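Undergrad: If you count by this note's numbering, then the sequence shown holds residues 141 to 518, one letter each, in order.
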Amino acid sequence: MDSPMCLVKNADGELCVEPEAIDYLMGLKQKVVVVSVVGLYRTGKSYLMNKLAQKRSGFALGATIQSKTKGIWMWCVPHPEQTDHTLVLLDTEGLGDVEKGDSKNDAWIFSLAILLSSTLVYNSRGTIDNDAVEKLQYVNDLTEMIKVKSSTVDEEEGEGTQFAQFFPNFVWTVRDFTLKLEIDGREITPDDYLENSLQLKTGTSKKINDYNFPRECIRNFFPSRKCFVFPSPTTPDNMHRLDSMDEAELSERFREVADTFCRFIFQESCMKTVIGGHTLTGEMLGHLVNTYVETIAKGNVPCLENAVLAMAKIENQAAVNEGLVVYQKGMEDVKVLFPVDVNQLSENHLRSETQATKAFMKRSFKDKDGEFLKALAV
Ligand SMILES: Nc1nc2c(ncn2[C@@H]2O[C@H](COP(=O)(O)OP(=O)(O)OP(=O)(O)O)[C@@H](O)[C@H]2O)c(=O)[nH]1
Ligand SMILES: [Mg+2]
């Protein structure tokens with residue numbers, strides 16, 4: 141893919157898939173590692189994603205104060221470190237744009253990024269202070285935006301406690317960070333800094349509860365957390381021409397952090413999996429995008445379990461068709477040998493059947509009761 145394409149369109153607050161991008165995914169048979177970036181508008185998200193694509197341009201940047209990226213954009217590139225894998229980069233619309241003023245729509249974009257990715261990058265500017273944590277308000281509502289199971293039987297257990305198993309790894313990138321990483325005169329790592337900012341306060345007053353709640357959500361939903369602090373990429377005088385600046389012109393420290401960040405993402409981001417631990421191909425990811433966006437557009441809450449069942453149905457039907465093709469091919473081969481005796485015919489039938497089952501098993505997915513395998517046999 142030479143350049144990014146729009147995957148989910150956001151037209152007047154309505155989300156819908158872009159068929160061309162879905163077609164592209166449907167043709168992608170490789171396993172995928174999906175990295176998405178979310179965060180407030182105008183914080184350098186698209187710029188950072190271009191770094192992950194190892195390209196100077198690609199995701200469109202905006203030089204004005206107006207938000208640039210709309211909906212969710214996708215760029216599929218060969219994985220730099222794992223051959224036979226595709227790195228799917230998802231750049232999302234900036235959250236909290238005052239001009240848009242639609243926080244529900246923001247929350248859906250945030251939820252979709254979580255549902256689709258194996259690593260979620262949360263990007264913000266300045267410091268991880270209380271304000272920055274509160275701006276990640278979308279985590280507070282996630283239990284209303286995402287369901288794990290379709291049944292409500294084990295609701296008492298709390299949907300949130302199950303999120304951790306299925307949610308992506310969480311990486312917080314802080315941009316234009318100017319402070320010293322020190323606590324009480326002791327040098328700390330960016331990860332310590334993040335953990336320190338997510339510490340809970342003791343007490344039960346409303347003020348303390350309000351302080352703790354988003355922190356508890358982040359800690360509970362995202363047990364795997366990492367932080368990178370980026371200094372400004374260049375001097376204030378040069379900032380307006382950042383997009384056209386050569387890598388060598390950027391501040392050395394910025395380049396170092398950007399390199400470490402990219403290396404971490406390439407080495408640590410895992411393949412996208414779904415409930416049951418199945419790894420996804422691009423094609424399966426395409427089904428997943430379709431199901432989730434359709435569910436949201438209908439005003440329903442996306443459900444991890446239902447989405448996987450819907451995907452399994454489509455994949456298993458395709459596996460049956462694949463098996464049939466293999467069987468028919470095997471039987472065609474014997475046709476040219478006609479006339480043949482019954483034994484040879486039966487031997488060929490058995491061989492073709494075994495090969496067909498093998499082809500089916502290779503592709504089939506969560507065919508728990510053997511329903512589709514039976515369909516193949518018929
Ligand atoms: N100060 C500063 N500016 C940056 C940084 N990275 C990118 N920019 C500039 O900030 C502007 C916005 O960058 P984008 O990457 O388009 O930001 P975004 O978060 O994708 O914006 P939206 O799509 O509107 O949400 C561009 O002019 C970038 O060149 C950074 O680390 N610090
Ligand atoms: Mg952008």
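C-beta atoms are modelled at their ideal positions from N, C-alpha and C, and glycine is treated no differently.
Note that this is a predicted model, so its numbers are computed, not measured.
Considering only the alpha carbon of each residue, which of L338, S337, N352 lies closest to T344?
TA: It is N352.
Undergrad: Let me make sure I understand the geometry here. Which of S143, K289, T421 has the alpha-carbon closest to that of L449?
TA: That would be K289, whose Cα lies nearest to the Cα of L449.
Undergrad: With respect to the alpha helix (DSSP H) encompassing L464, which residues constitute its N-terminal and C-terminal limits?
TA: Run containing L464: 444-475, per the alpha helix (DSSP H) assignment.
Undergrad: Where do the N-terminal and C-terminal ends of the beta strand (DSSP E) with H225 fall, by residue?
TA: Looking at the DSSP string, the run of the beta strand (DSSP E) that includes H225 is 225-232.
Undergrad: Taking all protein chains shown into account, do 16 or more other C-beta atoms lie within 10 angstroms of the C-beta of R315, making it buried, or fewer, making it exposed?
TA: Label assigned to R315: buried.
Undergrad: Please confirm whether V177 and K185 have their CB atoms less than 8 Å apart.
TA: The answer is yes: Cβ separation under 8 Å.
Undergrad: Suppose only complete runs of 4+ residues qualify. What are the alpha helix (DSSP H) ranges in the region 304-382, listed by chain order?
TA: Within the region 304-382, the complete alpha helix (DSSP H) runs of at least 4 residues are 330-337, 346-361.
Undergrad: Going by DSSP, which residues form a beta bridge with P218?
TA: In DSSP, P218 forms a bridge with T226.
Undergrad: Cβ atoms of Y187 and I268: under 8 Å apart, would you say?
TA: Not a contact, by the Cβ cut-off of 8 Å.
Undergrad: Using the C-alpha atoms, what's the distance from K208 back to A200?
TA: Taking the straight line from one Cα to the other gives about 7 Å.
Undergrad: So for N490, helix, strand or coil by DSSP?
TA: Note on residue identity: the sequence assigns Leu, not Asn, to residue 490. Of the three classes helix, strand and coil, the one that applies to L490 here is helix, per DSSP.
Undergrad: Less than 8 Å between the C-beta atoms of G234 and R182, yes or no?
TA: A contact, by the Cβ cut-off of 8 Å.
Undergrad: Does T419 get closer than 8 Å to chain D when you measure Cβ to Cβ?
TA: In the displayed structure, chain D is absent; only one protein chain is listed.
Undergrad: Can the beta-carbon of A499 be found less than 8 Å from the beta-carbon of G463?
TA: For A499 and G463, yes; Cβs fall inside 8 Å.
Undergrad: What are the boundary residues of the beta strand (DSSP E) that includes V433?
TA: Taken as a continuous stretch (DSSP letters only), V433 belongs to no beta strand (DSSP E), being part of the alpha helix (DSSP H) at 422-437.
Undergrad: Report yes if the CB atom of W215 is closer than 8 Å to the CB atom of L229, and no otherwise.
TA: In this structure, L229 lies closer than 8 Å to W215 by Cβ.
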